[in-house]
Amino acid sequence: MKNELMSASHAALAAMLPSIEAYNSFRLDNDGESIDSIIQFACKQKLIQQESESALKSFIEKNASLINIKSANKLTISGLKSKLNPYRVSVSSINQLLETFEIKINPVYPSIFTTLAKKNCNTNTERNAVRLISFWVCYEQKDLLSTWNYNELLKLVEGKKSYIKERVRVGFSLYSKGIMIGQDILAWMKKELNEIIHSANTVKPLDISGYYIDFYAINNLNYMHPSIYRQALNEAVSLAYQMSVRWLLSEHYNPDICLSIGITAGGLSVLEKTLFRLLNTKLTENAIIRMTDYTRQCVLMNDIRLIFCKTPKEVDLQGEISNLWWVSGFWNTLYWDFIPIMLKENTLLSNSRLKQLLWFYDQQSYEKEKTGQTDSLLTYFQYPQLSMLGMEIAKLLFYRKKFSEALEILQIIISESPENTIARALKITIFWNKALESTSYSIAKQLFDRADEEALIVPENLKDEDFFSEYAFSKLAHALTIFRLIQKNGGAYKKGCIQLNKNHVYKMIEEIQYLYNKALAISATGNCSIFWLLCINAFRETLKQNEDCFASDKLDFKDVDDTFRKSTEEFMLVLGWLSKDKPVEGQWDFVKTIMYNAISTYDDSVSLRTYIPNLKYCYAVFIWDFCQNKSYNDAIIVLQWLEEAIYLAKQLHKDKLCIYSCIKFCGYMLTSSDFIQNVKNVIQAIESRVGNLASLKAKSPEQRKKQINIDLIKNLKLSLLNIFFPSFF
10 MKNELMSASH
20 AALAAMLPSI
30 EAYNSFRLDN
40 DGESIDSIIQ
50 FACKQKLIQQ
60 ESESALKSFI
70 EKNASLINIK
80 SANKLTISGL
90 KSKLNPYRVS
100 VSSINQLLET
110 FEIKINPVYP
120 SIFTTLAKKN
130 CNTNTERNAV
140 RLISFWVCYE
150 QKDLLSTWNY
160 NELLKLVEGK
170 KSYIKERVRV
180 GFSLYSKGIM
190 IGQDILAWMK
200 KELNEIIHSA
210 NTVKPLDISG
220 YYIDFYAINN
230 LNYMHPSIYR
240 QALNEAVSLA
250 YQMSVRWLLS
260 EHYNPDICLS
270 IGITAGGLSV
280 LEKTLFRLLN
290 TKLTENAIIR
300 MTDYTRQCVL
310 MNDIRLIFCK
320 TPKEVDLQGE
330 ISNLWWVSGF
340 WNTLYWDFIP
350 IMLKENTLLS
360 NSRLKQLLWF
370 YDQQSYEKEK
380 TGQTDSLLTY
390 FQYPQLSMLG
400 MEIAKLLFYR
410 KKFSEALEIL
420 QIIISESPEN
430 TIARALKITI
440 FWNKALESTS
450 YSIAKQLFDR
460 ADEEALIVPE
470 NLKDEDFFSE
480 YAFSKLAHAL
490 TIFRLIQKNG
500 GAYKKGCIQL
510 NKNHVYKMIE
520 EIQYLYNKAL
530 AISATGNCSI
540 FWLLCINAFR
550 ETLKQNEDCF
560 ASDKLDFKDV
570 DDTFRKSTEE
580 FMLVLGWLSK
590 DKPVEGQWDF
600 VKTIMYNAIS
610 TYDDSVSLRT
620 YIPNLKYCYA
630 VFIWDFCQNK
640 SYNDAIIVLQ
650 WLEEAIYLAK
660 QLHKDKLCIY
670 SCIKFCGYML
680 TSSDFIQNVK
690 NVIQAIESRV
700 GNLASLKAKS
710 PEQRKKQINI
720 DLIKNLKLSL
730 LNIFFPSFF
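Residues 10 to 738 in my numbering are what the sequence shown lists, from first letter to last.
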């Protein structure tokens with residue numbers, strides 16, 4: 010059930026008991042009378058058909074997908090306080106609900122809100138208060154279900170995890186070039202940090218000019234694999250990125266005051282020894298975010314997409330010589346979320362203002378409106394050396410499909426840093442998106458050629474997995490364009506003077522495979538490259554089976570010879586995920602585990618709200634098209650991902666943001682409504698073969714574990730379902 014179709018009672022109970030683990034915790038904290046009252050409430054509200062614990066558990070399981078959606082809106086302590094204030098009114102509202110619905114849980118009282126706001130939640134009374142806050146908030150506003158449910162709220166307010174020694178510490182410090190750093194600047198820093206963080210962390214004073222925050226490692230098994238820092242590092246880096254850009258937009262920004270951010274991972278003794286050294290080492294102005302050797306290694310192994318300096322600086326850490334690395338670039342166009350204040354800027358929303366500033370600045374004066382609003386574009390013009398701010402502006406324009414405006418900003422960035430890999434990659438992406446919307450192949454080819462030239466400028470040693478991937482997308486868009494040209498016009502253009510044929514398509518596919526193999530070789534994990542090599546390898550072989558398509562208008566590619574399975578197994582053997590010494594059929598459970606682990610790692614590394622819907626679709630493709638022992642449980646997960654993609658896409662409309670998606674097979678910028686329609690096509694195709702989500706969830710646990718009959722789904726390949734061709738055909 011989608012959120013907008015839920016009753017208030019449905020949303021309230023789903024928020025209070027968002028998972029079976031949350032329900033088990035509720036049972037431990039409460040007596041039988043409390044549990045019975047919840048079951049009775051659910052039955053009276055017609056949320057369950059019978060008054061039983063098993064029915065309640067079934068309700069909880071069915072709602073898990075709506076609750077586990079990755080929300081762009083993050084909970085913060087300041088947000089919690091704001092929601093609950095005034096405390097006495099909130100207490101009255103919550104207790105009134107308890108009385109109305111005859112729920113036998115002890116009423117809340119104002120002082121417990123103060124306790125929770127101080128991040129103390131260690132008793133059953135405090136946890137019940139958290140449950141009732143979730144119940145009340147989502148009863149009043151059901152669209153907050155994914156953000157304000159018990160699990161998310163508990164992360165915010167639970168007690169300190171002092172027993173976990175392994176953590177990631179991120180420190181923020183200001184130093185000046187001869188001017189005074191006032192208390193108002195430090196107050197601004199603390200306020201911004203409190204607004205951004207959304208876990209059970211506390212902003213603590215570092216010294217007289219900064220603060221630090223700890224993010225705790227997941228170390229239940231007490232082993233020191235870098236993966237235990239994955240979530241903590243992602244949160245720390247995301248926080249560092251947000252603060253870096255917010256500082257540049259702050260009214261306090263001054264080129265003579267420098268922000269320094271240090272990130273270090275390890276045990277407490279390591280953190281205390283290294284953080285001050287990271288922050289206090291004097292580097293260039295753009296070397297804002299610094300890390301230790303070990304922290305950088307953890308970043309790379311956890312698929313966190315940063316670009317580091319090529320040569321680190323050696324520093325003395327209490328007698329031990331170690332390398333200090335700094336971040337030279339963020340892949341903000343794909344992984345890091347927007348700066349909230351920039352989404353509301355009038356200048357970046359107005360076509361006329363943008364044109365005036367970017368192209369007609371010498372014809373009329375431009376006065377900054379006295380609205381108190383930030384104007385990031387004017388700030389960037391004033392300090393064009395701030396490439397991080399420039400890239401954030403270009404990213405926002407790109408996701409609003411203002412391609413020409415984004416290119417103008419990228420030109421400024423490149424004039425200051427000609428080898429900026431991320432800026433060049435975004436130019437490539439814009440060129441092929443413009444090519445796909447051209448009025449003729451002649452125009453499109455010139456744009457594809459420009460993308461090729463941009464790729465040649467970037468030195469080979471600066472190209473990473475994401476650069477190769479974006480460039481390969483350009484080649485893929487070009488290959489599909491030539492394919493359609495052959496179908497529609499026999500491959501002729503320029504009034505028949507030039508003729509293309511299917512060999513040009515296959516040659517370009519070989520170039521795409523080469524680029525993704527380069528990306529795989531250079532990546533620490535290769536998760537993105539593996540996915541696309543699977544797609545491209547299968548597409549090439551499927552195209553060979555359907556060569557009659559070149560001579561017709563046919564777009565329906567059939568997997569007539571089990572091509573996807575054969576090409577997948579071949580590539581899995583290359584990767585070492587399958588062994589040639591054992592029967593392939595018995596190894597797919599192991600491979601499936603690796604696939605789901607790769608999805609989990611990649612998912613944690615992305616916070617960009619305009620890219621997450623596409624990722625949900627990609628995860629569905631990864632499992633549906635390439636996992637060879639799909640069960641009904643897998644089908645449930647795939648459909649849940651697709652429903653999440655739709656839900657998240659709907660949230661983007663209010664900020665006028667588009668979705669960068671490969672649902673058309675090649676990467677393409679889609680409006681949220683177009684993306685949603687394509688996802689619905691995918692859902693409909695799956696449901697026509699295995700049933701809808703409700704019917705699949707109604708199966709018994711034993712039935713869900715059964716493999717889906719291959720004959721039911723053999724010819725449904727999600728990656729090729731909505732394949733795109735340029736508009737000029």
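Even glycine gets a Cβ: it sits at the ideal position worked out from N, Cα and C.
So what does DSSP say about residue i, is it helix, strand or coil?
i, result
"I29", "helix"
"R178", "strand"
"F635", "helix"
"P349", "helix"
"M678", "strand"
"K199", "helix"
"C52", "helix"
"P214", "strand"
"R618", "coil"
"S259", "coil"
"C267", "strand"
"S208", "Model confidence at S208 stands at a pLDDT of 45, short of 50, so the residue's coordinates are unreliable; what they give is reported in the following sentence. Reduced to three states, the DSSP call for S208 is coil."
"L702", "helix"
"K322", "strand"
"I507", "strand"
"M604", "helix"
"Q522", "helix"
"Y184", "strand"
"Q150", "coil"
"Y118", "coil"
Buried or exposed for residue i, please, with buried defined as at least 16 other CB atoms from any protein chain shown within 10 angstroms of its CB.
i, result
"L22", "buried"
"S208", "Since pLDDT at S208 reaches only 45, below the 50 mark, its modelled position is unreliable, and no value is offered."
"E378", "Low local confidence applies: a pLDDT of 49 at E378 is under 50, so the model's placement there is unreliable, and no value is given."
"G676", "buried"
"P27", "buried"
"S278", "exposed"
"F684", "buried"
"F631", "buried"
"D590", "exposed"
"W368", "exposed"
"Y250", "buried"
"E448", "In the sequence as displayed, the identity of residue 448 is Thr instead of Glu. So T448 counts as exposed."
"N690", "exposed"
"M3", "Nothing can be reported for residue 3: it is not among the residues displayed for the chain, which extend from 10 to 738."
"H662", "exposed"
Taking the alpha helix (DSSP H) that residue i belongs to, which residues open and close that run?
i, result
"M233", "Taken as a continuous stretch (DSSP letters only), M233 belongs to no alpha helix (DSSP H), as it is neither H nor E."
"M15", "Looking at the DSSP string, M15 is not in any alpha helix (DSSP H), and its letter there is neither H nor E."
"E329", "Premise fails: E329 lies in the beta strand (DSSP E), 329-339, not in any alpha helix (DSSP H)."
"M310", "302-310"
"L367", "360-367"
"I645", "641-659"
"M400", "396-408"
"F566", "From DSSP, F566 is part of no alpha helix (DSSP H); its letter is neither H nor E."
Mind checking which residues open and close the beta strand (DSSP E) that includes residue i?
i, result
"F317", "315-317"
"W586", "W586 -> no beta strand (DSSP E), and no H or E assigned at all."
"I668", "668-670"
"D223", "219-225"
Between residue i and chain B, is the shortest Cβ-Cβ distance under 8 Å, so that the two count as touching?
i, result
"A547", "Of the protein chains in this structure there is only one, and it is not chain B."
Could you give the C-beta distance for residue i and residue j, rounded to a whole number, given that I count them as a contact under 8 Å?
i, j, result
"G276", "K174", "5 Å"
"N254", "M397", "In the sequence as presented, Asn is not what sits at residue 254; that position holds Val. Confirmed, about 6 Å."
Decide yes or no for the touch test of the segment 350-360 against the segment 610-629: beta carbon pairs closer than 8 Å, at least 3 of them. no
Between the segment 449-458 and the segment 480-492, do three or more beta carbon pairs fall short of 8 Å? yes
Is it the case that the segment 150-159 contacts the segment 255-275, given that we only count it when at least three CB pairs across the two stretches are under 8 Å? no
Using 8 Å as the threshold, is the segment 286-300 in touch with the segment 509-518, meaning 3 or more CB pairs across them? no
Evaluate the contact criterion for the segment 304-318 versus the segment 235-250: three or more CB pairs, one atom per stretch, below 8 Å. yes
Does the pairing of the segment 545-554 with the segment 592-612 give three or more beta-carbon distances under 8 Å? no
Is it true that the segment 573-582 meets the segment 535-551, where meeting means three or more beta-carbon pairs spaced less than 8 Å apart? yes
For the segment 107-124 and the segment 37-52, state whether three or more C-beta atom pairs, one from each stretch, are separated by less than 8 Å. yes
Would the segment 524-536 and the segment 458-477 be scored as touching if the rule is three or more Cβ pairs under 8 Å? yes
Specify whether the segment 145-153 and the segment 50-70 touch according to this definition: at least 3 beta carbon pairs, one from each stretch, less than 8 Å apart. no
Determine contact between the segment 519-528 and the segment 292-308, defined as no fewer than three beta-carbon pairs at a distance below 8 Å. no
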